[in-house]
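Numbering (the numbering used here), first residue to last: 608 to 667.
The structure is reproduced here in C-alpha coordinates:
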(Lines of atoms letter the chains of each structure in order from A and count residues from 1; the text may use other names and numbers.)
(Lines give C-alpha, C1' and ligand atoms only; values in the text may rest on other atoms or scores of the structure.)
Protein backbone atom coordinates (compact mmCIF):
# COMPACT_ATOMS: atom_id res chain seq x y z
CA UNK A 1 0.00 0.00 0.00
CA UNK A 2 1.78 3.15 -1.22
CA UNK A 3 1.24 6.57 0.26
CA UNK A 4 -0.39 9.23 -1.91
CA UNK A 5 2.20 11.39 -3.67
CA UNK A 6 1.21 14.63 -1.92
CA UNK A 7 1.33 13.00 1.51
CA UNK A 8 4.71 11.44 0.74
CA UNK A 9 6.10 14.82 -0.38
CA UNK A 10 4.77 16.49 2.78
CA UNK A 11 6.44 13.87 4.98
CA UNK A 12 9.72 14.30 3.10
CA UNK A 13 9.65 18.09 3.56
CA UNK A 14 8.90 17.71 7.28
CA UNK A 15 11.74 15.23 7.74
CA UNK A 16 14.15 17.59 5.98
CA UNK A 17 13.07 20.44 8.25
CA UNK A 18 13.43 18.31 11.39
CA UNK A 19 16.88 17.04 10.45
CA UNK A 20 17.96 20.52 9.35
CA UNK A 21 16.76 21.96 12.64
CA UNK A 22 18.68 19.33 14.58
CA UNK A 23 21.87 20.09 12.66
CA UNK A 24 21.41 23.86 13.10
CA UNK A 25 20.74 23.37 16.81
CA UNK A 26 23.85 21.25 17.24
CA UNK A 27 25.99 23.82 15.41
CA UNK A 28 24.63 26.69 17.51
CA UNK A 29 25.17 24.69 20.69
CA UNK A 30 28.80 24.06 19.77
CA UNK A 31 29.37 27.70 18.83
CA UNK A 32 27.82 29.02 22.04
CA UNK A 33 29.01 26.35 24.48
CA UNK A 34 32.66 27.39 24.71
CA UNK A 35 32.09 31.17 25.21
CA UNK A 36 29.29 30.53 27.72
CA UNK A 37 31.44 28.04 29.62
CA UNK A 38 34.26 30.61 29.83
CA UNK A 39 31.88 33.33 31.03
CA UNK A 40 30.41 31.06 33.70
CA UNK A 41 33.85 30.00 34.92
CA UNK A 42 34.95 33.65 35.12
CA UNK A 43 31.85 34.65 37.09
CA UNK A 44 32.26 31.65 39.39
CA UNK A 45 35.89 32.55 40.10
CA UNK A 46 34.99 36.18 40.86
CA UNK A 47 32.33 35.03 43.33
CA UNK A 48 34.86 32.72 45.00
CA UNK A 49 37.35 35.58 45.36
CA UNK A 50 34.70 37.87 46.86
CA UNK A 51 33.70 35.14 49.32
CA UNK A 52 37.35 34.57 50.33
CA UNK A 53 37.83 38.32 50.73
CA UNK A 54 34.74 38.68 52.95
CA UNK A 55 35.59 35.53 54.87
CA UNK A 56 39.07 36.86 55.61
CA UNK A 57 37.70 40.13 57.02
CA UNK A 58 35.25 38.38 59.33
CA UNK A 59 37.95 36.32 61.04
CA UNK A 60 40.75 38.87 60.71
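All C-beta atoms in this analysis are idealised placements derived from N, C-alpha and C, irrespective of residue type, glycine included.
For clarity, every value in this text was computed on a predicted model and none was experimentally measured.
Under the three-state reduction of DSSP, which class applies to residue 636: helix, strand or coil?
Look at residue 636 here: in three-state DSSP terms it is helix.
How big is the Cα-Cα spacing for residue 659 and residue 625?
Between residue 659 and residue 625, the C-alpha separation is close to 48 Å.
Residue 642 in three-state terms, based on DSSP
Reduced to three states, the DSSP call for residue 642 is helix.
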